[in-house]
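Quick notes on the structure that follows.
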Amino acid sequence: MSGKIIIFGDICPDNNYRKIFDKGSCALSENILAEIKKAEYVVANLECPATNETNPIVKCGPNLRAKPGDLQVLSKAGINVLSLANNHILDYGVDAVSDTLKACHDNGFFVFGAGKNQSEAEKPLIIEISGKKVGFISFAEEEFNIAGQTTPGSALFDPYYSFDKITALKKDVDIVVVLYHGGIEHYVYPTPLLQKKCRKMVEVGADLVLCQHSHCIGTIETYHEKTILYGQGNSVFGYREGNEKWNEGLLVELDAFSSNTTFKLMKATPEGIVFADTKDEDARIDLMRKQSEILDDVTAIKDSWTTFVEENKALYYSMLLGKNRVFNKMNRILKNKLIDIIYRKMKQMITMNILRCDAHREVLITMLEEKVYGK
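Everything in the sequence shown is counted per the UniProt record's numbering, starting at 1 for the first residue and increasing by one.
Next up, the structure:
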């Protein structure tokens with residue numbers, strides 16, 4: 001046995017790859033498929049339900065969907081493990097999650113990260129290769145996606161429970177792999193809070209932490225001799241002309257015997273996903289490591305985060321106020337003046353207090369959930 005485990009990032013068989021999947025191909029090049037054949041297990045995050053349901057839930061953000069038949073295509077390619085912990089698994093309702101779980105079962109996938117209820121969604125997956133046990137566990141940040149006590153959905157990252165689950169898993173296996181679906185999209189660095197979370201995961205037992213969801217390759221650090229990757233990038237998520245960040249992702253290879261991790265650079269083209277040539281791969285991984293040099297510098301991470309927030313504050317203030325696209329466009333033209341007029345300092349202070357205080361935030365979330373969901 002090779003001991004090799006391959007881990008893809010986000011996969012969504014939609015957008016401009018829809019026609020490719022409908023023809024029975026998973027959009028992966030022959031050399032990627034050949035690499036898959038060398039592995040014992042091949043893991044991916046399925047970033048959508050696989051269902052024939054056509055009625056999306058009402059939410060903010062896009063509703064993504066695959067067809068049940070797409071799972072047969074992925075299985076034929078050699079992918080045999082799917083994480084379903086992500087922000088899109090409930091995009092077409094609870095029945096669509098059930099459809100997805102059935103399609104996974106029918107096509108022989110090992111599944112973790114989502115289930116018919118919270119308890120099932122939170123269960124880790126343990127695989128064994130020549131006596132070496134590897135445990136996989138995945139979590140997602142909460143949007144419109146989380147399993148309830150009696151309803152299907154994704155596993156939630158909850159610091160009051162999730163760290164304990166990693167610790168418990170480590171007692172049963174040799175290697176713990178955490179797939180964390182969260183962070184800021186298109187941002188290469190961890191937020192200060194995300195870095196705290198991921199480092200804590202290592203402290204309580206994780207050997208490899210892979211952050212997905214960001215749609216870009218992020219930065220990487222070795223913490224307590226363990227690897228944390230803050231952004232794996234896209235694996236199969238369509239092609240966007242001129243968007244280099246979107247069109248690249250890392251194939252992660254884990255050796256179950258040595259625990260060593262290596263990376264291969266993949267690139268999206270209009271025809272599908274290919275491995276980058278050696279020169280491009282070396283240059284991109286060198287850039288990732290160069291960008292990662294600041295991860296031990298708390299001040300530098302905070303400065304990068306502050307810059308990002310400053311650049312995006314108009315968007316976030318507008319979302320907080322529930323304003324529409326016309327308002328947003330006017331506000332951009334006026335260089336944030338509308339927000340400044342509406343959102344005076346005292347209003348900002350009140351908002352800050354109800355968001356950062358646990359007690360006030362709990363009231364606010366409960367109030368909004370009752371209004372939105374009629375709970």
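We put the beta carbon where it would ideally sit given N, CA and C, even for glycine.
Min CB distance residue i to chain B below 7 angstroms
i    : result
I301 : The question asks about chain B, but that chain is absent: this structure has only one protein chain.
Which of helix, strand or coil DSSP assigns to residue i
i    : result
L210 : strand
L287 : helix
L254 : strand
G69  : helix
K133 : strand
L125 : strand
E30  : helix
T278 : helix
D106 : helix
Y316 : helix
I342 : helix
D164 : helix
I7   : strand
Residue i Cβ short of 6 angstroms to the ligand COA heavy atom set
i   : result
C60 : Questions concerning the ligand COA fall outside what the structure shown contains, since it holds no ligand whatsoever.
Inter-residue CB distance, residue i and residue j (contact presumed, cutoff 8 angstroms)
i           : j    : result
residue 397 : Q232 : Nothing about residue 397 can be reported from this structure: the residues present for the chain run from 1 to 375 only.
V252        : T261 : 6 angstroms
K165        : E203 : That belief does not hold up - the Cβ atoms of K165 and E203 are roughly 14 angstroms apart, past 8 angstroms.
H186        : S214 : 7 angstroms
Y17         : G238 : 5 angstroms
F257        : K132 : 6 angstroms
A140        : A103 : Not a contact, Cβ separation roughly 20 angstroms.
I6          : I36  : 6 angstroms
N234        : A283 : Not a contact, Cβ separation roughly 19 angstroms.
E142        : L156 : 6 angstroms
G272        : I20  : 6 angstroms
Proximal residues to residue i (C-beta, below 7 angstroms), its chain only, five neighbours per side dropped
i    : result
M259 : Here residue 259 turns out to be Ser, not Met, going by the sequence shown. The residues are I175, D207.
K200 : F163
Y41  : I5, N80, V81, I127
Spatial neighbours of residue i in its chain, beta-carbon cut-off 8 angstroms, leaving aside the 5 residues before and after
i    : result
S292 : T219, I220, E221
A39  : S2, K4, I5, I6, G78, E253
S98  : K116, P152
Closest Cα partner of residue i within the set the options
i    : options                : result
R289 : A114, N353, L229       : L229
L320 : K347, H360, T299       : K347
K245 : D255, M266, I36        : M266
D22  : I5, A66, V58           : A66
I32  : K4, A77, Y180          : A77
L169 : G183, G135, D358       : G135
D10  : A147, N87, G61         : N87
N247 : E225, D255, C216, Q195 : C216
Spatial neighbours of residue i in its chain, beta-carbon cut-off 6 angstroms, leaving aside the 5 residues before and after
i    : result
V94  : T151, P152
I354 : H360, L364
N336 : A314
Y223 : R199, V202
C12  : E47, C48, L64, F237
Does the stretch 17-29 come into contact with the stretch 40-47, if we say contact requires no fewer than three beta-carbon pairs (one atom in each stretch) closer than 8 angstroms?
no
Report yes or no: do the stretch 60-72 and the stretch 110-126 share at least 3 C-beta pairs separated by less than 8 angstroms?
no
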